[in-house]
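Student: Numbering of the sequence shown is given in numbering that gives the first Met the number 0, commencing with residue 0 and proceeding in unit increments.
All C-beta atoms, glycine included, are put in the ideal place defined by N, C-alpha and C.
Here the structure is a predicted model, which is why all the values come from computation and not from measurement.
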Amino acid sequence: MNKAPDTRSFIEEFGPNGKFLFSALSQFGLESTWKFFEDLKIPLKVENDNKVFPQSDDGRDVLSALTKEMKKLKVEIKFKSPVSKINLKEGLIDSITLENKEKIQAKKFILCCGGKSYPLTGSTGDGYDYAESLGHTITPLLPALTPLILNDQHINTIEGVAIKQVLLQASLNKKIIAKVTGDIMFTADGISGPATITLSQKIATQVEHGLNLRIDLFPNLDKENLDKQMIKLLSENPNKELHSVMTELLPQRFVKYLSTKYFLDFSKKCNIITAKERKDLGEELKNIEYRTPPLAKGGGIKNLEGFDKAMITVGGVNLKEVDPKTMQSKIIKNLYFAGEILDLAGPTGGYNLQVCWSTGYTAGNSATME
């Protein structure tokens, strides 16, 4: 979970669709979630960026506690029981039929099948098909919270290189679409890491239009102060090669990558680097760009990794067709929704888990009260 400063700050992370969450969070919000886990004897702690973890740092403790609570409440779980058909009668769901031909009848049904990401966990996107078959609209589904694939044929040379606290900035036709500060790691065909994962959620719906990426390696220094630092570094190491000195600022393999990406001769001694070369280098360190290659399709950001590597799914059941106060379907009155199946997508750090808990509580509580 994420212990955001307040509900409004939490909701803002979900963009225009975030307002849908006001009621659910008022019914079962951040404090309620904290108390729920503490009551299950899972002490919690707050770490960087308000992320909340069990004090034991062991996710198995959470699974064990939830399993015990379900047994206590006599919750029946049917394993390996895919739904083959949802049966309607007079405009309501009468029952569901499993693939083994077993039929289950109930007065209320809650559809909370998750998204399409991590299909090996069982979340294959079937819920969207069920919802669509019942008359609901599904907004376009895209992978998010995933690594980025970049248009750069040399990027595989720095696979595994990690750099802390950089600024990532995605743009379309020179207009900034999103920016995120944080840690990154280069992969065989692009970048990953916390900042990348968060950026992917913000740009998922626009990647197809051809986005470019800019990386500022030193976002906490403006150009003038970075130049002062470069002057100091070069003057203190006059007889060293630029390549050697730059490794005091950046990983060695990344410095070599820069030397192939840009025209400056990194084998030069520091005492013969001109002022223009020094300033040009500083400019590049704050503006590493991945742009559309000549005659190529797409942008510097070639694509997002697929659903198999995505943490969440962008898109889902259209929120206009769901009552935000109850999670009740506006089309099928004994149907409710909860979790990632809804068109809600937030950043990494516990936001999406909280949506599952808040909408799940709201749906379950509403279904039993009506």
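Helix, strand or coil for T66? Go by DSSP, reduced to three states.
Tutor: Looking up residue 66 in the sequence shown gives position 67. The answer is helix: DSSP assigns T66 an H, G or I state.
Student: Could you give the residue range of the beta strand (DSSP E) that holds K163?
Tutor: Looking up residue 163 in the sequence shown gives position 164. Looking at the DSSP string, the run of the beta strand (DSSP E) that includes K163 is A161 to L171.
Student: Leaving aside the five residues before and after I176 along the sequence, list all residues of the same chain whose C-beta is less than 8 Å from its C-beta, in chain order.
Tutor: Along the sequence shown, one-based indexing puts residue 176 at 177. Closer than 8 Å at the Cβ level, and outside the excluded window around I176, lie A169, S170, K201, I202, Q205 and L210.
Student: Along the beta strand (DSSP E) that carries F52, what are the first and last residues, could you check?
Tutor: As a first step, residue 52 must be located in the sequence shown, where it is residue number 53. Per DSSP, F52 belongs to the beta strand (DSSP E) from V51 to P53.
Student: The alpha helix (DSSP H) spanning R252 covers which residue range?
Tutor: As a working mapping, residue 252 is identified with position 253 in the sequence shown. Note, R252: alpha helix (DSSP H), Q251 to K260.
Student: Relative to the alpha-carbon of I230, which residue among I137, K278, P81 and M368 has its alpha-carbon at the smallest distance?
Tutor: Start at 1 with the first residue of the sequence shown, and residue 230 comes out as number 231. Ranking I137, K278, P81 and M368 by Cα distance to I230 puts K278 first.
Student: Which residues in the same chain have their Cβ closer than 6 Å to the Cβ of K102, if we skip the five residues on either side of it in sequence?
Tutor: Counting from 1 along the sequence shown, the entry for residue 102 is found at position 103. Once the five neighbours on either side are set aside, the close Cβ partners of K102 are S94 and T96.
Student: What residue does the alpha helix (DSSP H) around D38 start on, and which one ends it?
Tutor: Translated into positions along the sequence shown, residue 38 becomes position 39. It spans L29 to D38 - the alpha helix (DSSP H) in which D38 sits, taken as one unbroken run.
Student: Step through the CB atoms of chain B and report whether any lies within less than 8 Å of the CB of N270.
Tutor: The structure shown has no chain B; it contains just one protein chain.
Student: Is the beta carbon of G299 less than 8 Å from the beta carbon of L167?
Tutor: Translated into positions along the sequence shown, residue 299 becomes position 300. Translated into positions along the sequence shown, residue 167 becomes position 168. Taking 8 Å as the Cβ cut-off, G299 and L167 do not qualify as a contacting pair.
Student: Could you tell me whether the segment 25 to 44 touches the segment 73 to 92, using the rule of 3 or more Cβ pairs below 8 Å?
Tutor: Short answer: they don't touch.
Student: Taking R7 as part of the alpha helix (DSSP H), name the residues at either end of that continuous run.
Tutor: Reading the sequence shown from its first residue, position 8 is the one you call residue 7. T6 to E11 is the extent of the alpha helix (DSSP H) around R7.
Student: Please classify N351: is it buried, with 16 or more other beta-carbons within 10 angstroms of its beta-carbon, or exposed?
Tutor: Residue mapping note: residue 351 aligns to position 352 of the sequence shown, counting from 1. Result: buried.
Student: Helix, strand or coil: which one does DSSP assign to N364?
Tutor: Along the sequence shown, read from residue 1 onward, the residue named residue 364 stands at position 365. Correct three-state label for N364: helix.
Student: Assess, as a yes-or-no matter, whether the segment 340 to 351 is touched by the segment 106 to 120 under the definition of 3 or more beta carbon pairs within less than 8 Å.
Tutor: Flag = yes, the segment 106 to 120 and the segment 340 to 351 touch.
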